[in-house]
Amino acid sequence: MTVIHTERLTLRLLEQGDADVLERLIDDCDVARTTLNIPHPYPRGSAAAFIERRAEVAGKGDGYSFAVLDQEAGTFMGSIGMNIDNNHNRAELGYWLGTRFWNNGYMTEAAGRIVRFGFDELGLNKIVAAAMTKNPGSSGVMKKIGMQYEGTFRQHLLKWGHYEDICYYGLLREDYSRARLETRQR
1 MTVIHTERLT LRLLEQGDAD VLERLIDDCD VARTTLNIPH PYPRGSAAAF IERRAEVAGK
61 GDGYSFAVLD QEAGTFMGSI GMNIDNNHNR AELGYWLGTR FWNNGYMTEA AGRIVRFGFD
121 ELGLNKIVAA AMTKNPGSSG VMKKIGMQYE GTFRQHLLKW GHYEDICYYG LLREDYSRAR
181 LETRQR
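Each residue of the sequence shown is one higher than the last, beginning at 1 in the UniProt record's numbering.
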């Protein structure tokens, strides 16, 4: 099983034992409101099926979904993952965090490490991510980990009866490698 550590976090593949706490945290209007695919209310019992599907995807090498855990306490805080397009050697990054853990830099820390996993361990050429324009916190995470703004798709998603603008960010392997080299030379 893939387990990744950062300064404050443990990132490990989702497990069936995460289902109950995942449902409790994700069944929050504030979490669902600005995410692309999370419904509200979150259907009871859906987390177990989601975790099972994501395990199958990981088994095929087509994506990974990690639990974001506080390293000291082991507290489940949210999830981060990638869907991989092996035909084009790229992945789309997605994440969410329970509201009580917002504004502490946890997702920036997790996303930066998952990007490193994607480039260094999976050999990806590009990683992309998307956020609703009404979610500047998510766009901020993308910018902080070095992703570049690539454009806005206007009224691209229908969420709860409203069309939402989606901004896309991307990071190329060459830009990631250059930034790491510059950091080491300082």
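Heads up, the beta-carbon is just placed ideally off N, CA and C, and yes, glycines get one too. None of the values given here were measured: they were computed from a predicted structure.
Just to confirm, are residue i and residue j a CB contact at a threshold of 8 Å?
i       : j      : result
Thr-152 : Trp-96 : no
Phe-66  : Ile-80 : yes
Ala-110 : Val-57 : no
Phe-76  : Asp-18 : yes
Leu-14  : Ile-51 : yes
Here's the rule: buried if 16 or more other CB atoms are within 10 angstroms of the residue's CB, otherwise exposed. What is residue i?
i       : result
Lys-134 : exposed
Arg-184 : exposed
Gly-118 : buried
Leu-158 : exposed
Val-3   : exposed
How many Å lie between residue i and residue j at the Cα?
i       : j       : result
Ala-131 : His-156 : 11 Å
Glu-182 : Ala-49  : 43 Å
His-162 : Gly-94  : 21 Å
Gly-63  : Leu-124 : 12 Å
Leu-9   : Tyr-149 : 27 Å
Arg-54  : Asp-28  : 21 Å
Below 6 Å CB to CB, which residues in the same chain sit around residue i once its five sequence neighbours on both sides are set aside?
i      : result
Gly-98 : Leu-25, Met-77, Gly-78
Cutting at 8 Å between CB atoms, please list the residues of its own chain near residue i, excluding the five before and the five after it.
i      : result
Arg-44 : Glu-23
Segments of 4+ residues assigned as alpha helix (DSSP H) that fall wholly inside the region 30–86: 46–60
Taking only runs of the beta strand (DSSP E) that begin and end inside the region 84–146, which ones reach a length of at least 3 residues, in chain order? 90–97, 126–132
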